[in-house]
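Residue numbers (the UniProt record's numbering): 1 to 160.
Backbone N, C-alpha and C define an ideal beta-carbon position, used for all residues, glycine too.
The next block holds one structure in the form of structure tokens; read it before the comments.
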């Protein structure tokens, strides 16, 4: 049986994916607890076999923690399962990494997409994370990050 999609779930899914880049750019890595399910499975070009939010957080913090970044989310497609309990999202991004020290003034830009499977969970204590009326809170269950291209000096990521 097909359940009509709650249009507020589109906003809730977008907010979850946006919260991810907020965590990266602000360096508030605890926000990742409101992005991923605890047993998330993630594949990044720099670490293809991550299991669990703590592993994802550690990998991202080690890679991006010392680097100033600015991520933009662009084209996005979201589709919901017939029961409305899961969703698939493909979100294109541009991530800018700003050089420091000997690389001051240089930028490494990464272009790619996040391919996510999300699940809807019950909102605890009625906290719908700013999207009142959504079916619940959405979390990423699986994530694959794919690069289209990287332009700039890769040393920015290694020498700071």
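Using the beta-carbon count (16 or more within 10 Å), is residue 28 buried or exposed?
-> exposed
For residue 91, which option in 156, 71, 84 has the closest C-alpha, if you only look at C-alpha atoms?
-> 71
At 4 residues or longer, and completely inside the UniProt domain "SnoaL-like" (9-144): list those alpha helix (DSSP H) runs for me, N to C.
-> 53-64
Mind the definition here: the region 76-84 touches the region 136-152 only if three or more C-beta pairs lie below 8 Å; say whether that holds.
-> no
Please classify residue 133: is it buried, with 16 or more other beta-carbons within 10 angstroms of its beta-carbon, or exposed?
-> exposed
8 Å Cβ shell around residue 97 - same chain, five flanking residues per side excluded | 64, 67, 68, 69, 107, 108, 109, 110, 152, 156, 157
Buried/exposed call for residue 15, threshold 16 Cβ in 10 Å | buried
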